[in-house]
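K.L.:
Once you've had a glance at the structure underneath, I'll fire off some questions.
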Amino acid sequence: MKVVLFSPTDAVLAELAGLGLTMHRHQAEDLVDLSPAEVDKAMALAALSITDGRYVAFGNDHNDIRLFQNARFAVCVGDADAGRHADLAVARDQVSATIDALTHVPGTH
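Numbering of the sequence shown is given in the working numbering, commencing with residue 1 and proceeding in unit increments.
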């Protein structure tokens, strides 16, 4: 679960900082996303018995880093910092073609 706050004030951010949440600030979009501490998408997959190395991941955010690190193949959508942990970075308009291409790569499906 994630909550997104648009244009948060410094006072709101200061209050949130003391709540023990994971906060990711997106300066370019002027927003912050909040999630429970130590909860991420990789944990959600594990809870569904989808184990490391058995999925292809697409993402674009800091909360996708662990997902990328545990994926068989990881694709960052856009030019986010999290892309350093992905195997490939693509523009939003390339996602569909990338999915199609990955269906033909051994070991990614």
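Glycine included, each C-beta is placed from N, C-alpha and C at the ideal position.
No experiment lies behind these values; they were computed from the predicted model shown.
1. Using the three-state DSSP reduction, which class does residue 84 fall into: helix, strand or coil?
2. Are the stretch 32 to 42 and the stretch 4 to 24 touching, with three or more C-beta to C-beta distances below 8 Å?
3. With DSSP collapsed to three states, give me the class of residue 62.
4. Rounded to whole angstroms, what is the Cα-Cα separation between residue 43 and residue 11?
5. Just how far apart, CA to CA, sit residue 40 and residue 23?
6. For the ligand SAH, is there any heavy atom lying closer than 7 Å to the beta carbon of residue 98?
7. Cα-Cα, which of 13, 21, 100 is closest to residue 2?
8. How many whole angstroms separate the CB atoms of residue 60 and residue 80, which I take to be in contact at a CB cut-off of 8 Å?
9. Do you know offhand how far residue 102's Cα is from residue 51's?
10. Looking only at its own chain, which residues have a Cβ that is under 6 Å from the Cβ of residue 74, when we skip the five neighbours before and after it?
11. Would you identify the three-state DSSP class for residue 39, choosing helix, strand or coil?
P.N.:
Let's see:
1. helix
2. Contact between the stretch 32 to 42 and the stretch 4 to 24 is established, with three or more Cβ pairs separated by less than 8 Å.
3. helix
4. 31 Å
5. Straight through space, the alpha carbons of residue 23 and residue 40 are spaced by roughly 12 Å.
6. With respect to the ligand SAH, the structure offers nothing, as it holds no ligand at all.
7. 21
8. 5 Å
9. Approximately 19 Å, taken between the alpha carbons.
10. 57, 68, 86, 87
11. Collapsing the DSSP output to three states places residue 39 in coil.
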